[in-house]
Amino acid sequence: MSDVQANPDDVEITVNGKTIFARKGELVIAAAARHDIYIPHFCYHPRMDPVGMCRQCLVEIDSGRGPALNPSCMVTVAPGMKVDTESPTTKRAQEAMLEFLLINHPLDCPVCDKGGECPLQDQTLAYGPGESRFVEEKRHYEKPISLSELVQIDRERCVLCDRCTRFSRDVAGDALIHFTERGNQTQVLTFPDQPFASYFSGNTVQICPVGALLATPYRFKARPWDLQWQESTCTACSVGCRITVESSRNRLVRFQGVDVDPVNWGWLCDRGRFGYDADVIEGRLRSPLLRKGGELAEVGWSEALREAAAAIQGALDAGGPGSVAVLGGARGTNEDAYAWAKLAKSVIGTDNVDAQLGDGLDPTVVLGLPQATIDDACGATTVLLLGPDLKEELPVLYLRLRDALVRKRTQLVELGPVATGLTHLARASLRCRPGEIGALARAVLGDEAANGAGHDADELAKVRDLLGAGSLVVILGRASLAESDRFTLDAAAAIAQAFPEARFLPVLRRGNVRGALELGLAPGLLPGRAGLDDGRDHLAASWAGVPAAPGLDATGILTAAAEGRIGCLVLLGADPLSDFPDRALAERALSGAARVVAVDTTTSNESLRHADVVLAAAGFAEKPGTTTNIEGRVSVLAQQVTPPGTARADWMIAAELAMRLGGDLGFTSLAEIQREIGAVAPAFAGFGPHLMGTAELHDGVVVPVPRRRLHDVDLDPEGTGDQAAQAVAGDQLADRTDEPAGEDHPAGRQPDGAELAASRDAVEQPYDEATATETAAGSAAEAADAEAASADAAASGPSSGSPRPLLQARLPVEPAPLVPVDRYSLRLVTSRKLYDAAVSVSRSAHLRVLAPGASLHLSPHDLDQLGVDDGASVRVTSARAAVVLPVRRDPAVPRGSAWVPFNQPDEPANALIDAGQPVTDVRVETL
Amino acid sequence: MTTGTTYPHAPGYVAGDRPQIVTSRFQYEDSYTLERYVATGGYEGLRAALARPPADVHEEVRNATVLGRGGAGFPAGVKWGLTPQGVWPRYLVVNGDESEPGTYKDRLLMERDPHQLIEGCLIACYAVGLSQCFLYIRGEMAQAQERVAAALNEAYAAGYVGRNILGSDFSVDIVLHWGAGAYVVGEETALIESLEGNRGMPRLKPPYFPAAIGLYGKPTIVNNVETLSNLPWLLRNGAEAYTAIGTATSPGTRLVAVSGHVKRPGVYEIINGTTTFRDLIYGEEFCGGIREGRELKTFVPGGGSAPWFLPDQLDLPFESKPVGAAGSMLGSGAIMVMDETTDIPEAALTLVRFYAHESCGKCVPCREGATWLQRILERIVAGQGRPRDLQMIYDIGQGICPGDFPHASSERLGLEASPFPFRMTTICFVGPSAYTAIHSALTLFPDEFEAKITRRDPIPLSVAVAGAAS
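Chains as they are written, first to last, in my numbering: chain A, 1 to 927; chain B, 928 to 1397.
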């Protein structure tokens, strides 16, 4: 690559006699690596600050004063620098360092998890002295000791590279492991009586260059050379971290982080990394179940599908399409979501469809506000958090944002009910009680009539200045599930009005919730960010019909079911009893629905107690497809193992049910669905099977993508680098639409007027009738033609398709009134912890022990007022229910509020909440 | 009160004609009290400094070429000038973590004349505009800690330290900090880490000096106790008087701590650049010769980290350039004298064991190599050495210090001197120091090692790994 054109900022250096162009400020080791010159190393890690501990990367560097050995991980490039990574002096130093590292390293490679993929092994073979001269006894420590439930350490193997300790301190921000002792006795250990209880501990195992740190779940499970693996995307939450899914003998045994620039940088949270056993341990469905004589019993697919179709048909016959409702769909693939949206809205004809369970945001807000990516947030002048604690809900987004804050690339402002994991890094963090966030936002923006939640004018002005300091990204989500999302939307509306250039990163937690909303699993929406009316015409060719009017959201569906108005409730991987904020309503709804059909992977889902038919679905890594993360980034899901028994993908179940309901979804393969999505879903224009397996999808692509870019990639498999392609595509788009050039993310802003119509043409162009018709026809050959036609059409410029407005966010115009709290009550805040009673945690043997359990967190002041000790049991009474919980002193909670973690084992917080009320107040009494 | 009182490790010398810059009060039993200090010209240097603009004071110190007495010998006036302009706060850190093997001069300065150190700190803070002073005293030096603490209390009470010192606009606080017992914290960046509450491990270089980025990321001057103790005299008597003593390149006096097989071990104030090692070891006013009239075998000229000298080098003066050319360094001013009865491999082992124990564990060559050297040497001393061990010692040394390593010349062995300095694969000098003693011992006394190697077992065949890089 040394023939690459020199950038004016590039620094010309010589490595092994070859001229290369390094980036300004780049480390020698990194510059060499980019030019395929490998310098052996242990402590250096490209995502962490160098520390220069292992001395393995010593090379001869001549900066004008003659060659001298220098650690290449510590020296930044300078013009004219000469580096020799192969000189006799360098070689001797490399051999010496390896000999030093090996003298005390045990020779237990045959029983070491790392053996076979061990940097120490590999580099010893490549750069080592080839013989051992050490005759003394090696250093001895107790063989692996547990640092936590998930991580063990074998100190004999440790080479003290400082990677794990640096990661914990610098990247994760919880320095729970550290060096102890000194010199030759230095060890990595926890502090006394403090386990390595980090949400990110698994990363230390992955970056350990030897087998010192071991993952308890993986230990002795496989040898690296027996592992089969593919790249995929984690769906434990909606950040969409790239991972490898690794299996041995058709069982998942390990997930590892893959370093992609726009998302996870190689890091994973422990929930994502270690939750892989959730789909294999007890309770996993191997075949469909049918309720017979009050018990669910295994049956064949034909019987189960017949019964499920009959349940739907019965409801249709009795109450029309409106009596059928579909809840869930956020745990499947994009293709599953599209198939179910098409089944529900086209074949069944109901719009009572919601992938969110009352714990999210209005889908038009999620999809319709100017969009920001994770990179946008990390590079914005100011980030405003109007949402949950990212460390608990979207841990890797927390890592990315923390990095940007620590490196002062952005500044954080928080408005919310409790302190978060980032509060100590925030420039400003204002507390308010649930129900006050909208007023607080308006007060911050200078509305003197608004209630500033007790913050004085100076504080409010300071926050206002921070928000207006430059580019602004708002991270928008539900800070508390015990308040209506209405208040958060009020705040968002005020911010969006005051800062029209602000962009929004909606943070919803569930795996593919964004993909489900994008593909129409929400009331009033059709695939690809289209409203019902917008999509009616262009879907006419491939869809049998489109619902006439918007249907019910999750709360509406459950309310209707509780009132007996739902004839058939379909639970698409949903567990409303656990996940819906109002447990009592969910109970009544499940009892009130005439028939309940569930599509699920497990019987551990509590809501299945009410199911009449359970259709066995394939789970994560058991089916191929794509997923969409919080940014709208589409990336690939790999099938690595076969589903158990006869379980199958959700989209297949949808297609089968459609047949039995007398319809036809029009596809029989994943490729056909992808092609159809690309053709009919405006935001997914250009999406299709031709993208699978391309380098383009490695990092994922953010939808809507400038269509031209996708086709460029298709025609140019070599690729010209992600940035370049994006810039080119952006320019071309800008050329055609008269938009200002240099807009990185065309979706990231709301164009208006003429500009809007023009850009829409560019995005929606492949929507022409011919393409849609041909795709709907369904045969593979025709589909291939259709793809070609689509490409041709793309090349021929804007078509004359009728303009459709982009989805508009439905933000409240009038703020909701404040709800007063009486002086004997505390206002309830409830939000999720990383480990809770969710199916994916409670079914994982590795993770279930980590859920902290339910408790009531009070500010020290309120706890003292109550007059009980930390840990005492108290009675918490809301309008709905009374529960007994242990109480905890928690300075993160402000006076007047009470925080309860959502969906913990034993005592579900959602029993306290009434979804019909805007906020929930509780009284706390001693026992 | 009476002159000529002797104390442990303190010479009973009479001042005579030799100039005394930092030890002038050692003759008094109550030298550490404010009363005695003020009665003998104490805090006059500070008054003299406060009467002049800070830049003048800095210039005076620069003109006097006060070489750093911690080991590296970097001129204090130049070091002060490395602080960036206009960045505050900026700190003075006093390196009282004296722990180089054989060195105990700073301890005496702190025990015997703590006010002189405090006055020196104040002068430095005034000259460079430093906001606060941290006085870091080695954890093991209990009496020094007590004396400095008591003196500081006296000085605060008398208005020499704190706000508006001596009625001027100049205010500075001095904070005491006790070390936790780590040799490497004598390295200035490790000391700063320790002061910040972190593990005492050296910081990566660059930046080479903490003057720009030091304590809490702010400009920081780190000076040795003896360096600062020179300042009161210098300000009282002027740079001209100071440079009149010693040579142009090494003006003034310096303290050396002599230990080992001499008649009168102790701390002596010698004249820079003119006093020779022979004067010091054999001079009647200093050590008075080797004990029991024995022959000198070898001596360490500058602390445990310095390559050893032979009697061939006795006539070298205390001046860094000729000493460096002869293959060693003056370092921290510790002279360890070994007579003809010394078992050289055991002496080397004593020093290697120290460095292996004190390695902080950061750099691999030091952490692993020093312990490896220690264990090989233990084996040799125990009669379990193998012939190939000697070559291995050299190879391990090459892993820590690639290339030529300094050593003295020897007429007996027909050996040319290899000059200072050396290259190293570690961040700080602890790694090379671990190799220094064993290298000197093996180079200058190879026969003593040969004599210890009694095993003549066949050397086990090494297994060459096919495909390994060679």
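Note that CB positions come from ideal geometry on N, CA and C, so glycine has one too. In this text, all values refer to a predicted model and were calculated from it rather than measured experimentally.
**Study point:** Contact list for B:I1119 against chain A, beta-carbon separation under 8 Å
**Key:** Under the 8 Å cutoff, chain A gives no residues; its nearest Cβ is about 17 Å from B:I1119.
Exercise for review: Can you grab the Cα-Cα spacing for the pair B:I1101 / B:R996, in whole Å?
Suggested key: 21 Å
Practice item. Give the DSSP bridge partners of A:A598, in chain order. Key: A:L571 and A:V614
Practice item. Go ahead and label B:D1316 buried or exposed: buried means 16 or more other beta carbons lie within 10 angstroms of its beta carbon, across all protein chains shown. Key: buried
Practice item. Count the CB pairs spanning the stretch 345-353 of chain A and the stretch 498-511 of chain A that are closer than 8 Å, and state whether there are at least three. Key: no
Check your understanding: Secondary structure at A:F684, three-state DSSP: helix, strand or coil?
Key -> helix
Review point. Counting Cβ pairs closer than 8 Å, one from the stretch 93-107 of chain A and one from the stretch 133-145 of chain A, do we hit at least three?
Key: yes
**Study point:** Reference A:A492, options A:L460, A:L369 and A:E459, closest by Cα
**Key:** A:L369
Review point. Between B:A1076, B:P1134, B:E1167 and B:V1264, which lies nearest to B:G1216 when the distance is taken from Cα to Cα?
Key: B:V1264
Exercise for review: Please classify A:E60: does DSSP put it in a helix, a strand, or coil?
Suggested key: strand
Check your understanding: Closest Cβ-Cβ distance between A:C57 and chain B: below 8 Å?
Key -> no
Check your understanding: Skipping 5 residues on each side, what residues in its chain have a beta carbon closer than 6 Å to that of B:P1234?
Key -> G1254, S1255, P1333, H1334, T1363 and S1367
**Study point:** Collapsed DSSP secondary structure at B:Q877 in the structure displayed
**Key:** Not covered by the structure: residue 877 of chain B. The range shown for chain B is 928 to 1397.
Exercise for review: On a CA-only basis, which of B:E1073, B:M1068, B:V1099 and B:Q1072 is nearest B:Y1083? Give me that one, please.
Suggested key: B:V1099
Check your understanding: Is the CB-CB distance between A:Q256 and A:T244 below 8 Å?
Key -> yes
Exercise for review: Compare the beta carbon distance of A:A915 and A:T555 with 8 Å and say whether it is the shorter of the two.
Suggested key: yes
Check your understanding: How about A:S607 and A:P576: are their beta carbons less than 8 Å apart?
Key -> yes
Exercise for review: Measure from the C-beta of B:H985 to each C-beta in chain A and report whether the shortest distance is under 8 Å.
Suggested key: no
Review point. Given a threshold of 16 other Cβ atoms within 10 Å of its Cβ, counted over all protein chains shown, does A:D579 qualify as buried or as exposed?
Key: buried
Review point. Can you name the start and end residues of the beta strand (DSSP E) that A:S840 belongs to?
Key: Per DSSP, A:S840 belongs to no beta strand (DSSP E); it is in the alpha helix (DSSP H), V839 to S842.
Review point. How many Å lie between A:A809 and A:L361 at the Cα?
Key: 11 Å
Review point. CA-CA distance, B:N1022 and B:V1183?
Key: 17 Å
Check your understanding: Measuring CA to CA, which of B:Q1012, B:D1266 and B:K1248 is closest to B:P1346?
Key -> B:K1248
Review point. In angstroms, rounded to a whole number, what distance separates the CA positions of A:L213 and A:F220?
Key: 13 Å
Check your understanding: Counting along the chain, where does the beta strand (DSSP E) carrying B:H1104 start and finish?
Key -> D1100 to W1105
Practice item. Compare the beta carbon distance of A:T627 and A:G511 with 8 Å and say whether it is the shorter of the two. Key: yes
**Study point:** Stretch pair the stretch 1037-1051 of chain B + the stretch 1266-1281 of chain B: three plus CB contacts closer than 8 Å
**Key:** no
Practice item. Helix, strand or coil for B:G1215, going by three-state DSSP, please let me know. Key: coil
Check your understanding: For B:A1396 and chain A, any beta-carbon pair shorter than 8 Å?
Key -> With a pLDDT of only 46 at B:A1396, under the threshold of 50, the placement of this residue in the model should not be trusted; the figure read from the coordinates follows. Yes, B:A1396 counts as interfacial toward chain A.
Practice item. Could you tell me which uninterrupted alpha helix (DSSP H) segments, each at least 4 residues in length, are contained entirely in the stretch 1257-1327 of chain B, listed from first to last along the chain? Key: 1271-1285, 1291-1308 and 1314-1327
Check your understanding: Comparing the C-beta of B:T1381 with each C-beta of chain A, is any distance below 8 Å?
Key -> no
Point to revise | For A:R923, three-class secondary structure by DSSP | key: strand
**Study point:** Host alpha helix (DSSP H) of B:Y1195 (start-end)
**Key:** Unbroken run through B:Y1195 is the beta strand (DSSP E), G1193 to I1198; no alpha helix (DSSP H).
Check your understanding: Does any residue of chain A bring its CB to less than 8 Å from the CB of B:A1378?
Key -> no
**Study point:** Residues that DSSP places opposite A:E231 in a beta bridge
**Key:** A:T244
Exercise for review: With a threshold of 16 other CB atoms inside 10 Å of the CB of B:P1348, please say whether the residue is buried or exposed.
Suggested key: exposed
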